[in-house]
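Per this note's numbering, the sequence shown starts with residue 270, numbered consecutively.
Just so it is clear, CB atoms sit at the ideal spot from N, CA and C, and this is done for glycine as well.
As the structure is a prediction and not an experimental result, all values here were calculated from the model.
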Amino acid sequence: MTTRRTASSPATKLSELSLLSQIRSRASRASTSAVSLGIGDDCALLRLGPSEELAVTTDLSIAGRHFQLDWHPPESVGHRALARGLSDLAAMGARPVAAFLSLGLPRELTKSSARGRSWINRFFDGLLALAEIHRTPLAGGDLAESPIAIADIVLVGAVPRGKALLRSGARPGDLLYGTGKLGGAAAGLARLADFAAAPTQPGHPKPLNISENLATQLTSHLYPQPRIPQGLWLRQRGLATAAIDLSDSLSTDLAHLCIESSVTAEIDAAPLPIHPGATLQQALHGGEDYELLFTAPPSARIPQSIAGVPITRIGRILSPRKGRPLVALVTAQGKHPLTPEGWEHFS
Ligand SMILES: [Mg+2]
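As structure tokens, then:
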């Protein structure tokens, strides 16, 4: 991990060095044998198995775009930055090896406040707690002063050669499954937005003072759980033909899978596992649930739960045909084309 500065005084330099050494010592506590050399040199050295390939993904979190400094607890921002990358590894059935983080922060977020620990320390509380759960050491990165808070995370995973779960493997006749519940993150974000706008929050203290009761209702949004054990299970059993993680929304990500596999799909509305408090619209079009969507042939014996997370059969894969929509929703009223309405950048 290195730092880039504009002109800085010796005192500033000292505080940066102490910040870095704090991060380094906290990160080193969770290292694994897959990291031969972590933070401290010019590069990290990673050790892989003899017949493994690397799975690499990168995710950008920008203040005002992916999180709000005055809404989100810093622990949640750190957790979500890592969760997004881990979820991509889960979708490929990859085992996490290491994380790399480039962080750009306004100076005030690195300072301890009268109310307690600094924003950056609390950010790392959230990030490193999730990293420990999934045995994902933080093996390097970069730190710079920036006019806006921005976190760019790179996740490196390992997967046996030729065995990664891909978006492109779904075949007509396959059944469509999802992990966990849908719409919880969108419902939580809506609640958080309502709470932030409420007149009981004068001047929007930074970040909002969220009660424990409200925090429980916001868990799916603030602290989504990447489905690493479920992705590993599916890859090891060889049951899934294709997989993708639900970062944008069911409607958007299923469309991605269909395009990559050159197939179409139908979702059944009735069995959809809608999160308590969420609507059907949020389950279909809300993003950031970080559940896995996967396909398997009808002969595959898919259990009702994998590593403690329920699995629901939610539809089927069909061949492309003239006049057939890419994705359709089947309800008691009939079949309707389902237009992707999830998160799309530059749209
Ligand atoms: Mg993804």
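Hey, quick one: how far does the alpha helix (DSSP H) through residue i stretch, first residue to last?
i	result
Glu401	Trp388 to Ile402
Ala456	Gly453 to Ala466
Gly638	In this structure the chain extends from 270 to 616, so residue 638 is not present and cannot be described.
Leu553	Leu549 to His554
Asp558	Neither: Asp558 is in no alpha helix (DSSP H) and is coded neither H nor E.
Ala512	Run containing Ala512: none in the alpha helix (DSSP H); it sits in the beta strand (DSSP E), Ala511 to Asp514.
Glu529	Leu519 to Ser530
Thr485	Glu481 to Leu491
Using a Cβ-Cβ cutoff of less than 6 Å, which residues in the same chain neighbour residue i once the five nearest sequence positions on both sides are dropped?
i	result
Ile331	Ile419
Val325	Val425
His605	Leu598
Pro594	Pro606
Asp558	Leu451, Ala454 and Leu515
Arg274	Any reading at Arg274 needs caution, since the residue's pLDDT is 48, under 50, leaving its predicted position unreliable; the model's value is listed next. No residues qualify anywhere along the chain.
Pro609	Ser520, Thr521 and Ala524
Ser381	Ser387
What does residue i pair with, by DSSP beta-bridge criteria?
i	result
Ser371	Asp411 and Asp421
Leu317	Looking at the DSSP assignment, Leu317 forms no beta bridge with any residue, so it has no partner.
Ser382	Gly385
Thr327	Val423
Leu250	Any property of residue 250 remains undetermined from this structure, which presents the chain solely from 270 to 616.
Val428	Glu322
Arg364	Ala427
Ile543	Leu451
Ala332	Phe336
Which two residues bound the contiguous beta strand (DSSP E) that contains residue i?
i	result
Pro498	Element bounds for Pro498: not the beta strand (DSSP E) but the alpha helix (DSSP H), Ile497 to Arg506.
Val596	Val596 to Thr600
Gly309	Segment: none, Gly309 is in no beta strand (DSSP E) and carries neither H nor E.
Leu561	Leu561 to Ala565
Leu445	Leu444 to Thr448
Gly603	Gly603 to Pro606
Ile536	Thr533 to Asp537
Using a Cβ-Cβ cutoff of less than 8 Å, which residues in the same chain neighbour residue i once the five nearest sequence positions on both sides are dropped?
i	result
Pro567	Gly442, Asp443 and Leu444
Gly584	Leu444, Leu445, Ala534, Glu535, Ile536, Asp537 and Val599
Pro572	Ile580
Leu358	Ala324, Thr326, Arg364, Pro365, Leu424, Gly426, Pro495, Ile497 and Gly500
Pro314	It should be noted that the sequence gives Leu, not Pro, for residue 314. Cβ within range, chain order: Val304, Ser305 and Leu306.
Arg570	Leu508
Ser284	Thr379
Leu483	Arg460 and Phe464
Ser616	Note that Ser616 scores 49 on pLDDT, short of 50, meaning its location in the model is unreliable; the coordinates nonetheless yield the value given after this. Taken in chain order, the list of residues that qualify is empty.
Ser588	Pro441, Val532 and Thr533
By Cβ distance, which residues of its chain are closer than 7 Å to residue i, with the 5 residues on each side in sequence left out?
i	result
Leu435	Ala511
Ser345	Gly395, Leu491 and Tyr492
Leu399	His348, Leu351 and Ala352
Leu458	His490
Ala299	Leu397, Ala400, Glu401 and Pro406
Ala576	Pro498, Gln499 and Trp502
Trp340	Leu461, Ala465, Pro476 and Leu477
I think residue i touches residue j, with their Cβ atoms under 8 Å apart; what is that distance to the nearest whole Å?
i	j	result
Ala456	His544	6 Å
Ser574	Leu553	Actually they do not touch by this definition, with Cβ atoms about 23 Å apart.
Val304	Ala367	6 Å
Leu355	Thr405	7 Å
Gly645	Pro542	Any property of residue 645 remains undetermined from this structure, which presents the chain solely from 270 to 616.
Ala622	Val596	The requested residue 622 does not occur in the structure, where the chain is confined to residues 270 to 616.
Ala439	Ile586	5 Å
Val578	Arg504	Val578 to Arg504, Cβ: 15 Å. No contact.
Arg295	Gly309	Going by Cβ atoms, the distance from Arg295 to Gly309 rounds to 13 Å, so no, they are not a contact pair.
Ile417	Gly333	7 Å
Say whether the segment 529–537 touches the segment 486–493, bearing in mind that this needs 3 or more beta-carbon pairs closer than 8 Å, one atom from each stretch.
-> no
Pair every Cβ in the segment 373–382 with every Cβ in the segment 407–414, then say whether three or more of these pairs are closer than 8 Å.
-> yes
Just jot down, in chain order, the residues whose CB lies closer than 6 Å to any heavy atom of ligand 3.
-> Because ligand 3 does not appear in the structure shown, any question about it cannot be addressed here, the ligands present being ligand 1.
Are there three or more Cβ pairs, one per stretch, closer than 8 Å when the segment 392–399 is compared with the segment 315–325?
-> no
Any chance the segment 545–553 sits against the segment 501–514, with 3 or more Cβ pairs inside 8 Å?
-> no
Three-pair Cβ contact test at 8 Å for the segment 563–578 versus the segment 451–460 = no
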